[in-house]
Ligand code: 5AD
Ligand code: SF4
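Numbering (the numbering used here), first residue to last: 49 to 482.
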């Protein structure tokens with residue numbers, strides 16, 4: 049069969065799609081670039097906010113029309129599948145397969161059954177060994193950065209979050225498995241890996257997360273290690289030290305704060321106060337200046353007063369985040385926060401979000417401007433020049449770089465080059481090769 053996978057959501061989902069694709073290729077199926085050319089379309093879904101769910105159901109509506117024109121199998125996989133289970137068939141009766149996040153290895157079996165004419169096949173069981181996936185099967189979509197799962201699931205219980213339901217409790221991959229996968233990637237030419245988990249810094253697959261970073265960094269040929277995502281309460285002094293001291297760990301930290309108000313943090317079940325969050329950032333010491341710090345915010349959480357929101361604006365300035373992702377609170381099924389009355393008018397929520405995002409744009413611009421004159425390493429991310437002598441690259445701090453090289457230059461994709469930052473915009477840096 050020809051198959052096409054559409055992916056929403058986080059890097060975890062991107063990587064799951066690489067695994068799903070690998071499982072199908074192994075069975076002799078062929079990936080195609082568009083749903084129009086496919087016999088099987090899989091939607092790898094996200095359910096973190098209501099908007100993400102709407103997108104899936106509207107895409108399912110579009111696919112229904114395609115299914116009226118030609119034979120087509122449609123599968124819903126990922127977080128929405130885990131959350132809505134059979135209810136997906138009720139809302140979208142033309143769906144053939146529903147596969148949960150913890151059952152992805154069952155995909156070939158389910159596709160076989162659906163292809164044989166069985167209606168509405170579903171597996172949303174919580175297989176305990178789903179995180180032990182054979183890396184050689186994975187069909188990687190990026191040739192520059194290899195994604196590597198180190199931990200699946202989440203043991204925190206933030207009151208707004210579906211992830212503990214959609215991804216289950218924490219399961220840790222053994223150290224030897226992780227090291228083996230990274231070694232294999234380096235042998236195949238990868239110089240950069242990103243370690244994935246809902247909360248990578250609670251890793252306990254045989255050593256601490258900080259130690260895991262150090263051990264991975266000993267692999268010859270590997271240049272940068274990234275990781276996402278982290279919970280502030282598991283961000284230890286030991287980890288801060290490795291992040292600052294180990295030159296193979298990319299100088300970038302995404303540490304979601306969510307709010308600057310202690311009242312809201314308590315209601316969110318975040319287990320820290322704003323002062324404790326700032327303490328964690330202080331673990332970085334002087335190293336903070338070399339690092340890019342990014343975060344997530346939720347605005348308009350139930351009962352967020354003007355004062356609470358001002359506390360969020362304050363922590364944004366206190367940390368001077370280099371980047372952030374911010375969202376209006378979205379009530380999610382089955383989450384404890386549903387019991388709170390969500391009574392802040394949408395207009396107020398939107399105004400708060402716009403204010404926060406405008407301030408973030410200024411801070412990002414300032415942080416970019418501070419880099420002018422710096423000489424640093426950036427990885428080439430374009431296969432061809434964007435215009436004569438111009439290339440796209442990315443710094444260890446995760447900034448986009450518009451790079452000017454000689455008119456006839458050919459910069460090898462995936463290579464690290466030394467660049468001098470010559471200019472800055474709110475969304476990118478400009479630089480020249482040295
Ligand atoms: N509403 C809005 N944003 C949410 N996030 C998680 N759950 C919700 C929700 N119910 C945000 C958090 C998290 C990021 C991945 O998505 O900021 O860090
Ligand atoms: Fe979305 Fe969370 Fe699932 Fe990632 S883990 S796809 S962010 S719901």
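Built from N, CA and C at the ideal position, the CB exists for glycine as well. Predicted, not measured: the structure shown is a model, and the values here were computed from it.
Check	Outcome
Suppose contacts are defined by Cβ-Cβ distances below 7 angstroms. Is residue 220 in contact with residue 253 by that definition?	yes
Find the nearest neighbour of residue 479 within the set 426, 261, 431 and 103, judged by alpha-carbon distance.	426
Can we say the stretch 194-207 touches the stretch 101-120, given the rule of at least three CB pairs closer than 8 angstroms?	no
Express the C-alpha separation of residue 356 and residue 465 in angstroms, rounding to a whole number.	44 angstroms
Taking the C-alpha atoms as reference points, what is the distance between residue 73 and residue 274?	28 angstroms
Apart from the five residues on each side of it in sequence, which residues of its chain come closer than 6 angstroms, Cβ to Cβ, to residue 380?	210
Check whether the stretch 317-324 and the stretch 287-300 touch, using three or more Cβ-Cβ pairs below 8 angstroms as the test.	no
Could you work out which residue in 316, 144, 82 and 449 is closest to residue 377 when comparing CA atoms only?	316
Would you say residue 375 touches ligand 1, meaning its beta carbon is less than 6 angstroms from a heavy atom?	yes
Taking all protein chains shown into account, do 16 or more other C-beta atoms lie within 10 angstroms of the C-beta of residue 301, making it buried, or fewer, making it exposed?	buried
Take residue 393 as the anchor and find which of 107, 353 and 308 has the nearest alpha-carbon.	353
How many angstroms separate the CA atom of residue 401 from the CA atom of residue 455?	43 angstroms
Look up residue 379 in the DSSP assignment and give the residues it is bridged to.	Paired residue(s): none; residue 379 is not in a bridge.
By the DSSP assignment, the beta strand (DSSP E) with residue 50 in it spans what residues?	50-55
Considering only C-alpha positions, which residue in the set 132, 470, 121 and 432 is nearest to residue 165?	121
Can you have a look at residue 365 and say buried or exposed, based on whether 16 or more other CB atoms are within 10 angstroms of its CB?	exposed
Hey, how far is the Cα of residue 242 from the Cα of residue 58?	13 angstroms
Spell out the partners DSSP gives residue 431 in its beta bridges.	Looking at the DSSP assignment, residue 431 forms no beta bridge with any residue, so it has no partner.
Considering Cα atoms alone, identify which of 168, 136 and 176 is closest to residue 152.	176
Helix, strand or coil, according to DSSP, for residue 480 in the structure here?	strand
Give the C-beta separation of residue 180 and residue 171 to the nearest angstrom, bearing in mind that I take them to be a contact with Cβ-Cβ under 8 angstroms.	At roughly 17 angstroms, the Cβ-Cβ gap does not stay under 8 angstroms, so residue 180 and residue 171 are not in contact.
In angstroms with no decimal places, state the Cα-to-Cα distance between residue 124 and residue 88.	11 angstroms
Is the CB-CB distance between residue 126 and residue 92 below 7 angstroms?	yes
Taking Cβ positions, are residue 309 and residue 282 nearer each other than 7 angstroms?	no
For residue 134, count neighbouring C-beta atoms within 10 Å of its own C-beta (all shown protein chains included) and say buried if the count is 16 or more, exposed if not.	exposed
With H, G and I counted as helix, E and B as strand and the rest as coil, what does DSSP make of residue 234?	helix
Are the stretch 197-204 and the stretch 214-234 touching, with three or more C-beta to C-beta distances below 8 angstroms?	yes
From the DSSP output, in three-state form, read off residue 136 for me.	helix
From which residue to which residue does the beta strand (DSSP E) around residue 345 run?	340-347
Can you tell me which of the three DSSP states residue 92 falls into?	strand
Near residue 239, which residues of its chain fall below 6 angstroms by C-beta distance, leaving aside the five closest residues on each side in sequence?	271
Verify whether the separation of the beta carbon atoms of residue 50 and residue 85 is less than 7 angstroms.	yes
Here's the rule I'm using: 16 or more other beta-carbon atoms within 10 Å means buried, otherwise exposed. How should residue 373 be labelled?	exposed
Classify residue 468 as buried or exposed, calling it buried when 16 or more other Cβ atoms lie within 10 Å of its own Cβ.	exposed
So is residue 266 buried or exposed if we call it buried at 16+ other beta carbons inside 10 Å?	exposed
Can you name, in chain order, every residue of its own chain whose Cβ lies under 7 angstroms from the Cβ of residue 434, other than the five neighbours on each side?	440
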